[in-house]
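Encoded as structure tokens, the structure appears first; notes follow it.
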Amino acid sequence: MIVLKLIYTITGVFLFTFLESLFSSLLGINIAFILFLFLYKKVDWRVLFSLMFVVCLIIDVTSHYMLGTNFLVAMLALIFFSILSIFFSTEAGILSWIVRMFAFFVYYSLLFVLPSFFLNRTFAPITVDVLKISLFRSIISLVIIILCEIVAGRFRKEGDKSNIKLG
599 MIVLKLIYTI TGVFLFTFLE SLFSSLLGIN IAFILFLFLY KKVDWRVLFS
649 LMFVVCLIID VTSHYMLGTN FLVAMLALIF FSILSIFFST EAGILSWIVR
699 MFAFFVYYSL LFVLPSFFLN RTFAPITVDV LKISLFRSII SLVIIILCEI
749 VAGRFRKEGD KSNIKLG
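Right, dumping it as structure tokens:
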């Protein structure tokens with residue numbers, strides 16, 4: 599049974615790395631951060647951050663970034679999201695989606711600026727085109743997270759959002 603779980607885990611990591619590379623190459627979006635923002639406050643933070651650390655290191659290796667760059671950018675965007683969630687409701691409503699879109703925007707903007715800083719010790723210039731691209735990626739990521747919420751909502755019980763109904 600343990601061997602079977604190990605095989606599933608290894609296969610899942612390879613499949614996730616493939617999908618991450620595919621979406622990163624096609625649209626420039628990061629599926630891992632979408633997943634982390636979707637699971638934030640739904641999963642224990644220790645499990646989420648340990649998973650996030652390992653996945654971000656794999657993404658750094660496949661993206662040819664310095665190790666820890668993706669984790670740092672994701673953590674800064676999650677801190678930004680947490681600060682905004684103090685002032686605005688992130689549970690439901692249109693305002694929650696706007697806050698998530700801003701978190702995605704911060705993530706994609708920092709992902710453009712910080713790797714060049716770590717490699718060359720100079721910040722990449724932020725132009726209008728970079729902001730447009732970050733906004734486009736944020737909107738696509740927001741659509742994906744909305745679809746994930748709809749699919750996950752179909753598995754939840756009516757009164758309790760923490761329990762999943764099966765059948």
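Count along the sequence shown from 1, add 598, and you get the number used in the numbering used here.
Even glycine gets a Cβ: it sits at the ideal position worked out from N, Cα and C.
Within the same chain, show all residues whose beta-carbon is closer than 8 Å to that of residue i, passing over the 5 residues directly before and after it, in chain order.
i: Trp695; result: Leu740, Ile744
i: Ser707; result: Ile724, Val728, Leu729, Ser732
Please classify residue i: does DSSP put it in a helix, a strand, or coil?
i: Val711; result: helix
i: Met699; result: helix
i: Asp642; result: coil
i: Ser687; result: coil
i: Tyr663; result: coil
i: Asn628; result: coil
Between which two residues does the alpha helix (DSSP H) carrying residue i extend?
i: Glu618; result: 600–624
Nearest CA to the CA of residue i: which residue from the options?
i: Ala630; options: Val601, Tyr606, Val671, Phe753; result: Val671
i: Phe703; options: Asn628, Trp643, Phe616; result: Asn628
i: Phe679; options: Gly666, His662, Ile657, Tyr705; result: Tyr705
i: Ile632; options: Arg752, Phe700, Ile724; result: Phe700
i: Lys639; options: Asp658, Leu708, Thr688, Thr609; result: Thr688
i: Ala750; options: Phe614, Phe616, Phe636; result: Phe636
i: Phe634; options: Leu733, Leu624, Leu674; result: Leu674
i: Ile677; options: Gly691, Asp658, Phe647, Arg719; result: Phe647
Cutting at 7 Å between CB atoms, please list the residues of its own chain near residue i, excluding the five before and the five after it.
i: Ala722; result: Phe710, Val711, Ser714
i: Val728; result: Phe710
i: Leu717; result: Met664
i: Glu742; result: In the sequence under discussion, the amino acid at residue 742 is Ile, which differs from the Glu named in the question. Only Ile632 meet the Cβ criterion.
To which residues of the same chain is residue i closer than 6 Å at the C-beta, ignoring the five residues directly before and after it?
i: Phe686; result: Leu693, Val697
i: Asp658; result: Leu665, Thr667, Asn668
What ranges does the alpha helix (DSSP H) occupy inside the segment 716–760, keeping only unbroken runs of at least 4 residues that lie completely in it? If we require 4 residues or more, the alpha helix (DSSP H) runs fully inside the segment 716–760 come out as 726–753.
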